[in-house]
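Take any residue in the sequence shown, count from 1 to its spot, add 1480: that is its number in my numbering.
Positions of the beta carbon are idealized from the N, C-alpha and C atoms, including for glycine.
As structure tokens, the structure follows; a few thoughts come after it.
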Amino acid sequence: MRTQIRQQLLEMTDSMLEAAKTLDELYRKKEYAQFKELLGIVQEAALTVGNKIEETEGEGTAAVSQLENLCELVWGLYENVETENPQKRMKLMNKQLLQIRNSIKYDIPVTYEVVFLPYKASMWDSLESIWMAAKEAPDCNCRVIPIPYFDRKPDGTPRNWYDESGEFPGYVPITKYTEYHLETERPDIIFIHNPYDDQNTVTSIHPDYYSRKIREYTSLLVYVPYFVANNDSVNPLQCLTSGVLYAHKTILQSDKLRDVFIRGLREALDMSEERFRNSGLEDRYLALGSPKLDKMISGIYDADGIPEPWKRKIGSPKKKVILYNSTIVELLNYTEGVMKKLEDFIEIFPQRDDMVLLWRPHPLSISTIESVRPHYEKRYMDIVERFQTLPNVIYDNSQDSQRALLLADAYIGDETSSMLKSFGVTGKPILITDYNNTRMGTISCAVQEDILWMFHHKYNAVFKLHLQTKQIEFAGALEGAESKNYMFKNAVAYGQKIFFIPYFCDCILVVDTKNGNMERVVLEEKELNNQYIPILHGKKIYLFPILFSSRRFVIDAEDNTVEAAECPLSKELGYKNEEPVFVDGLLFKEHIFLVCDNKPFLAEYAPETDSWEVHRYKGTAAFYRIAADDENIWIMSNNPVMLLRWNKEEGFSVVSEDFAAYHILDGSSPAFSGLACMGDSVWFIPFQADHFIKIDRKTGKHAKVPVGTQELLGNGKEGGFFGGRCHDEDYEYLFSRESDKIVCIDKNGNRAVSMEFVPFMENQQKEIMESVMQASVNPVYRESYCSLKDFLDIVAQGKDIHIDKRKGFFRGNVNFADGTAGKEIWKHMKEELERRSF
């Protein structure tokens, strides 16, 4: 019996119990006519309940037998109400109704109607393992009903309709959406993986299946994301899609991601943590893993679904399959690099008979090239054509990414792709692409005794540059750290120590420059994506948060201890969560000064009294960077671009503001990202401008100073032209993001020169690779220190020794990462159904 039918019968039985109470009142009042009329209604209800039970369960049930006894009692009451006291019969009737209710509730087996509503066959893996668990339950009737969808015209109306019912694996029984009507069948539970309803401007499922509508047809609507979240991070809008808001339950891969979704909803509702917790809304989010990862962990793929041309190229016994996953982001930011890599593949793989390259470009790659990079279109299409004809190269433009992931023995691709997380759980080798032509890069550096210490901006490694010889030396890797982009930003030299300040990392790295020892100092309360402005004052380093936060930190540079402190200005100045607050700072006359993002505020902090003062410029300005000489603080405004001066006696004054004639490469980005006082000049350091601006501090006159060659400039796509910045007594050092060069501005402010340092040699790459892989918790290979040839040899020869460690990392934060997420999800949902049923 379906639960909805049982519920209807229980409600009818409850109505008969209420009628029994009314019969007692009518008898006491001797209203016999109404008494008999109500008995007739009870008799009709009992017959209806009995007929329905026999219709669904057949004859011979205890409940029907009890209903027959009830009807005899009702008839006896009807016949004798005026001639004998009916109290005994009425007590028996009430007892009989309770027995009937219990028999319906506990004796009649319930069958649950479970419906899965995928829309894309390629996303079926996000539901499949739940379906596989549910279909084994004897009390469940499972239906997979692919629903239609359409892509939109510019005005939002449908352009083309699609129904992918015929593209699902052959072992999945399909029910056509035209043959099943949710509003009449009212399934007990519905699983969905499309959360967008009408929020997606590119495609849409049929409006009849929008979550806000189908919620009305079921007692349990469950949303399971079709994606795997890298680093348990998602766009905040993902937390507020229609599917999330209307679902009774949302399934998330980890506790950390669950916290992200909870915070997203709480902040959208503007509720305190306590009020939100008491509201019960947290219960809507369950961290039960990802069915997509179940498929990868099982390692089982549908052999019948592999195209015959692929089978011939892969061969038997199976050759090693190397998956190359190219993304839209890479194609737009590094078009030439992607083209060159593909052309290299065409040269390399035909020479190897031990492996096959499977190239899987993003499905929108061709249309992106046609519309955004048309001058690359012919070259790109020639590459696609070559891939389709070479004997051991496969071009995969299908919708099914899971097939390629399951076939692959190794992965080459972008670090930000969601496919990386899915592949990573297998533990197989991974090579992260790097289209930048520099081997050395940093956004975290400091100078000490003619040695420039730096942390690499793309992986877990400390280097030192000997300024006299221009030689780079590998100094080691941080043990137990996750190797990734932008682990640290900014560094401070103190005594014989270098303090690397965290960005996408949870700790401070302290390097002893004498013995090379590295100490990890954990910031217990650090927000993961926050970065800090470090200011050295005496023996303490003050860390002020760039993003909104109520906390700052103070490091004792002598003993490396850290204390958290209040940072009240974030809220007082009107900033909101995740907005930038402080963007630059410095020490000036024993006080710390910070500029506030996009506001004309200069914040002053006095360490000795732990007090704040805010100086407000009354004109129009968006403060961005700050520098100082002995007498004045100099402030760069980005909108409008101008230079201001401030001191206690005179306050603010505009020194120079006529910068309209200077060439800006990208009007959507800041033109300049740094400020430096050098000699008699203030220098604007470029972000997306192709030059410095040198400004005379006395007259305000300014002049353009070229940055350097195009090789030095690159394209600035990774966040401007310069990364790390530090200084000594003679120079301000600016690291190019895209070449092995540094721009040096001499302290007299006379000139900017390019200094080319000697990158680490080929024979050092192996040492770097082994040290980084050994020290890091996520041992992935990177082109920065591992060439494509070396990677392919490692895969071919089975020399990768980090499978278990890699597997542990990618599965680490995911709940039920042993391949049982689907079973756990179904177990919890079944229990929820039973709880709601009773």
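From residue i to residue j, what does the alpha carbon distance come to, in whole angstroms?
i: Ala2183; j: Arg2231; result: 12 angstroms
i: Ala2301; j: Val1852; result: 40 angstroms
i: Lys1908; j: Val2094; result: 54 angstroms
i: Leu1803; j: Pro1771; result: 22 angstroms
i: Glu2304; j: Tyr1586; result: 25 angstroms
i: Asp2109; j: Glu2137; result: 20 angstroms
i: Lys2079; j: Tyr1599; result: 47 angstroms
i: Val1942; j: Ala2169; result: 30 angstroms
i: Ala2044; j: Arg2032; result: 6 angstroms
i: Arg2291; j: Ser1778; result: 13 angstroms
i: Gln1488; j: Thr1698; result: 15 angstroms
i: Gly2288; j: Ile2015; result: 38 angstroms
i: Leu1773; j: Met1920; result: 35 angstroms
i: Asn1574; j: Val1702; result: 40 angstroms
i: Asn1916; j: Pro1854; result: 22 angstroms
i: His1673; j: Met1603; result: 8 angstroms
i: Glu2314; j: Asn1582; result: 16 angstroms
i: Val1682; j: Pro1634; result: 9 angstroms
i: Gly1975; j: Cys2157; result: 24 angstroms
i: Arg1738; j: Ala1543; result: 45 angstroms
i: Gly1540; j: Ile1669; result: 30 angstroms
i: Thr2189; j: Val2260; result: For Thr2189, the predicted model reports a pLDDT of 46, less than 50, meaning its position is unreliable and no value from the coordinates is stated.
i: Gly2278; j: Trp1839; result: 22 angstroms
i: Gly1795; j: Val1595; result: 39 angstroms
i: Asp1833; j: Met1776; result: 26 angstroms
i: Arg2316; j: Val1836; result: 52 angstroms
i: His1728; j: Cys1719; result: 14 angstroms
i: Gly2054; j: Arg1757; result: 26 angstroms
i: Arg1486; j: Ile1533; result: 9 angstroms
i: Tyr1966; j: Leu1947; result: 24 angstroms
In the DSSP assignment, find the alpha helix (DSSP H) that holds residue i and state where it starts and stops.
i: Trp2306; result: Ala2301 to Ser2317
i: Asp2050; result: According to the sequence as given, residue 2050 is Ser; it is not Asp. Element bounds for Ser2050: Leu2049 to Glu2052.
i: Arg1738; result: Asp1735 to Leu1749
i: Met1507; result: The question names Met, but residue 1507 in the sequence shown is Tyr. Segment Thr1483 to Arg1508, the alpha helix (DSSP H) holding Tyr1507.
i: Phe2290; result: Ile2283 to Gly2292
i: Tyr1765; result: Tyr1765 -> not in any alpha helix (DSSP H); beta strand (DSSP E) instead, spanning Tyr1765 to Ala1767.
i: Glu1962; result: Run containing Glu1962: none; DSSP gives neither H nor E here.
i: Gly2203; result: Unbroken run through Gly2203 is the beta strand (DSSP E), Phe2202 to His2207; no alpha helix (DSSP H).
Could you spell out where the beta strand (DSSP E) holding residue i opens and where it closes?
i: Gly2131; result: Gly2131 to Ser2136
i: Pro1638; result: Pro1638 to Tyr1642
i: Gln1951; result: Gln1951 to Gly1956
i: Tyr1804; result: Lys1800 to Ser1806
i: Cys1551; result: Counting along the chain, Cys1551 falls outside any beta strand (DSSP E), though it belongs to the alpha helix (DSSP H) covering Ala1542 to Asn1560.
i: Ala1513; result: Run containing Ala1513: none in the beta strand (DSSP E); it sits in the alpha helix (DSSP H), Tyr1512 to Glu1537.
i: Asn1621; result: Cys1620 to Val1624
i: Leu2268; result: Here Leu2268 belongs to no beta strand (DSSP E); instead the alpha helix (DSSP H) covers Leu2268 to Ala2276.
i: Thr1848; result: That residue, Thr1848, is in no beta strand (DSSP E); its alpha helix (DSSP H) goes Ser1845 to Val1852.
i: Val2042; result: Thr2041 to Glu2046
Let me check one thing: in DSSP terms, what residues is residue i bridge-paired to?
i: Thr1683; result: Asp1631
i: Ala1973; result: Ile1978
i: Lys1944; result: Trp1933 and Glu1953
i: Ile1988; result: Val2001
i: Cys2224; result: Tyr2213 and Val2233
i: Ile2175; result: Val2162 and His2182
i: Thr1563; result: Paired residues: none, contrary to the question.
i: Tyr2022; result: Ile2015 and Val2034
i: Pro1841; result: Ser1806
i: Pro1836; result: As written in the sequence, residue 1836 is Val, which differs from the Pro given in the question. For Val1836, which the question treats as bridged, DSSP gives the partners Val1801.
i: Trp2126; result: Ile2113 and Phe2132
For residue i and residue j, which I take to be in contact (beta-carbon distance under 8 angstroms), what is that distance rounded to the nearest angstrom?
i: Ile1625; j: Tyr1657; result: 5 angstroms
i: Asn1940; j: Ser1924; result: Contact flag wrong, Cβ pair sits at about 12 angstroms.
i: Leu1553; j: Leu1572; result: 6 angstroms
i: Arg1569; j: Leu1550; result: Actually they do not touch by this definition, with Cβ atoms about 11 angstroms apart.
i: Thr1493; j: Ile1580; result: 6 angstroms
i: Leu2023; j: Ile2072; result: Going by Cβ atoms, the distance from Leu2023 to Ile2072 rounds to 11 angstroms, so no, they are not a contact pair.
i: Lys1969; j: Val1990; result: So it is not a contact: roughly 16 angstroms between Cβ atoms.
Q.
Which complete beta strand (DSSP E) runs does the segment 1892 to 1927 hold, if anything under 3 residues is left out?
A. 1910 to 1912
**Q.** Within the segment 2065 to 2114, ranges of the beta strand (DSSP E) (whole runs, at least 3 residues)
**A.** 2071 to 2076, 2081 to 2086, 2091 to 2096 and 2103 to 2108
Q. In chain order, which continuous runs of the alpha helix (DSSP H) of length 4 or greater are located wholly inside the segment 1577 to 1626?
A. Segments of the alpha helix (DSSP H) lying fully in the segment 1577 to 1626: 1608 to 1614.
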